[in-house]
Amino acid sequence: MLLRWLERPSVYHVDNDELYEVDDQAFEFLKRCALKGGSAPEEGEFIAYCLSEGLLTERPRGVTAAPVRKSPEPSLRFLELLITERCNLRCRHCYIGDPGAEELPVADIVEVLDEFNRMQGLKVLITGGEPMMHGRFWELNDFLSGYPLRKVLLSNGLLLNSRNIRDLNVEEIQVSIDGLEASHDAIRGGGTFKRAMRALTLALDAGMDVSVSTMIHPGNLGDFDEMERLFRGMGVKEWTVDVPCPTGRMADNPGLVLEPERAGRFLRYGFGGGFHSGGEGFACGLHLVSVLPDGGVARCAFYSDRAAGHISEGLERCWRRIRPLRLSEIGCDCEAVEECRGGCRYRAELLGDPMGKDLFRCAAFSREAGTPG
Numbered sequence: 034m035l036l037r038w039l040e041r042p043s044v045y046h047v048d049n050d051e052l053y054e055v056d057d058q059a060f061e062f063l064k065r066c067a068l069k070g071g072s073a074p075e076e077g078e079f080i081a082y083c084l085s086e087g088l089l090t091e092r093p094r095g096v097t098a099a100p101v102r103k104s105p106e107p108s109l110r111f112l113e114l115l116i117t118e119r120c121n122l123r124c125r126h127c128y129i130g131d132p133g134a135e136e137l138p139v140a141d142i143v144e145v146l147d148e149f150n151r152m153q154g155l156k157v158l159i160t161g162g163e164p165m166m167h168g169r170f171w172e173l174n175d176f177l178s179g180y181p182l183r184k185v186l187l188s189n190g191l192l193l194n195s196r197n198i199r200d201l202n203v204e205e206i207q208v209s210i211d212g213l214e215a216s217h218d219a220i221r222g223g224g225t226f227k228r229a230m231r232a233l234t235l236a237l238d239a240g241m242d243v244s245v246s247t248m249i250h251p252g253n254l255g256d257f258d259e260m261e262r263l264f265r266g267m268g269v270k271e272w273t274v275d276v277p278c279p280t281g282r283m284a285d286n287p288g289l290v291l292e293p294e295r296a297g298r299f300l301r302y303g304f305g306g307g308f309h310s311g312g313e314g315f316a317c318g319l320h321l322v323s324v325l326p327d328g329g330v331a332r333c334a335f336y337s338d339r340a341a342g343h344i345s346e347g348l349e350r351c352w353r354r355i356r357p358l359r360l361s362e363i364g365c366d367c368e369a370v371e372e373c374r375g376g377c378r379y380r381a382e383l384l385g386d387p388m389g390k391d392l393f394r395c396a397a398f399s400r401e402a403g404t405p406g
């Protein structure tokens, strides 16, 4: 459990990935539990609730010390760490393009994570490239042991095996699976589907939370119903579905590009909460920032060419330069705007207007679109 002073006092259940807002009195009580142990008899009803939610236990357990300061506003809750450019695949739809050799030094990663923790962060997404290709990945993994944040490893699964998967100091593994076997292998390479599915199975067998990321492309449009049955049946925690942006290697494969009206309908697939939690009245990415392999700090990885600063300046200083975008500022006026958060601003930019509509999301929320197929 993490006590976090965000926009409001909160408690974050790391194992369950649940955030609870509490009032000042409850927050002070939980501080006393964290720092001293014990409880007051008059708080019995609240104690019962906390016990039922796993926020307190009848036996001592590891709880972080009370926060020492309030977070910035908006709070930075999710940190995407692109620790390396290196990758063992050459996926046809990759928005990054051909991988380089840049990677974040472990000492810099540790410093960023420490500052993110002080800023009241909740979850770190460890990605790349393929993060397990980082030259000192296992040294970083050792540091993550017992670290208070929720750690999520985003991987293509090819380097995961029965020997190393139980050594990972993360709470969740997200595996990229872009269709059933034929459609996945068509864009990621022969044999990669079976290896990714084996990694997913090994992670589930190890008792980890497992999520799946899927990109929509012409070859997998007929796979979504079966993928949903497959992932739900296996016990996958979360399935995120998105549309690849026509940049990087995707731009060299125009046959993979789908028009918004056709691809957008498939954005209605998927389940679980998603990483990019927003806030009422604000567009996507309100609580997220990306740290790039060269140390740049950007609104998200798509904006790698427009970094807000460098980690050498400090994560918080860079974060404060990124202005949150209000929904009232963008050209979305339909009744679903609070639910879709205006879609992806980078996709809207590629469609011609960074403050315009993400037509893929418009298709996903269209009442006239009917059932995807």
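Be aware that the sequence shown starts at 34, since it is given in my numbering, and climbs by one per residue. Cβ atoms here follow ideal geometry from the backbone N, Cα and C, with glycine treated the same way. If you're wondering where the values come from, they're calculated on a predicted model, not measured in any experiment.
Bounding residues of the beta strand (DSSP E) (the contiguous stretch that carries residue i)
| i | result |
| --- | --- |
| M248 | D242 to M248 |
| L35 | L35 to W38 |
| L187 | R183 to S188 |
CB-CB length for residue i against residue j, believed under 8 Å
| i | j | result |
| --- | --- | --- |
| P132 | R119 | 6 Å |
| V290 | L115 | Incorrect: roughly 24 Å between the Cβ atoms, too far for contact. |
| G329 | L319 | Their Cβ separation, rounded to whole angstroms, is 20 Å, which puts G329 and L319 out of contact at 8 Å. |
| C377 | R282 | Wrong, their Cβ atoms sit about 19 Å apart, outside the cutoff. |
| F335 | Y379 | 4 Å |
| F226 | W272 | That pair is no contact at about 16 Å. |
| I355 | A341 | 5 Å |
| V55 | V47 | 16 Å between Cβ atoms; not a contact. |
| P164 | T117 | 6 Å |
Of the listed residues the options, nearest to residue i (C-alpha basis)
| i | options | result |
| --- | --- | --- |
| A219 | G306, I198 and G252 | G252 |
| E34 | S188, V290, W171 and G179 | For the record, residue 34 in the displayed sequence is Met; it is not Glu. Looking at the Cα atoms, G179 is the closest of the given residues. |
| V322 | R339, S246, L52 and F398 | R339 |
| L187 | M166, P181 and D175 | M166 |
| M152 | R354, E349, A381 and A397 | E349 |
| I142 | G389, S337 and D327 | D327 |
| M248 | I116, P164, R332 and D275 | D275 |
| W38 | G87, P105 and I80 | P105 |
| D256 | A232, I210 and A67 | I210 |
| L193 | G154, D238, Q58 and E214 | D238 |
| E214 | V243, M260 and R183 | M260 |
| R199 | W171, R378 and K270 | W171 |
| R123 | P293, G87, V185 and L191 | L191 |
| T280 | L235, E346, L383 and H250 | L383 |
| E136 | N150, K390 and I159 | I159 |
| C365 | H343, G389 and G342 | G389 |
| V208 | S244, H217 and S216 | S244 |
| H250 | G223, S216, M267 and E86 | S216 |
| V145 | E368, C395, S399 and E346 | E346 |
| E86 | S246, L52 and T117 | L52 |
| E368 | D258, P42, L300 and S399 | S399 |
| D391 | P277, D258, D57 and K64 | P277 |
| M267 | A284, L235, D285 and P293 | L235 |
| C317 | R125, Y82 and P387 | P387 |
| G223 | S337, P293 and R125 | R125 |
| A331 | L84, E113, P293 and C395 | E113 |
| G168 | S246, D258 and A134 | A134 |
| L263 | A284, G212, Q58 and E292 | G212 |
| E292 | R265, C83 and C395 | C395 |
Within 9 Å, strictly: CB atoms of residue i and residue j
| i | j | result |
| --- | --- | --- |
| R110 | K156 | yes |
| G14 | I129 | Here the chain has residues from 34 to 406 only, and residue 14 is not among them. |
| L254 | R295 | yes |
| F176 | V139 | yes |
| A397 | R298 | yes |
| M230 | L201 | no |
| F315 | R353 | no |
| D50 | G306 | yes |
| L173 | G154 | no |
| F79 | F60 | no |
| L233 | V269 | yes |
| L360 | E371 | yes |
| N189 | N121 | yes |
| R343 | C351 | The question names Arg, but residue 343 in the sequence shown is His. Contact: yes. |
| L300 | F149 | no |
| A67 | L36 | yes |
Delimiting residues of the alpha helix (DSSP H) encompassing residue i
| i | result |
| --- | --- |
| Y379 | R378 to L383 |
| V274 | Here V274 belongs to no alpha helix (DSSP H); instead the beta strand (DSSP E) covers E271 to D275. |
| S216 | E214 to R221 |
| I142 | V139 to R151 |
| L263 | F257 to M267 |
| F176 | F170 to L177 |
| R394 | L392 to F398 |
| A29 | Since the first and last residues shown for the chain are 34 and 406, residue 29 lies out of range. |
| K227 | T225 to D238 |
| E368 | Careful: E368 lies outside any alpha helix (DSSP H) and carries neither H nor E. |
| E349 | L348 to W352 |
| A296 | P293 to A296 |
Residue i beta carbon near the ligand MG (any heavy atom closer than 8 Å)
| i | result |
| --- | --- |
| C120 | Among the components modelled here there is no ligand, and therefore nothing to report on the ligand MG. |
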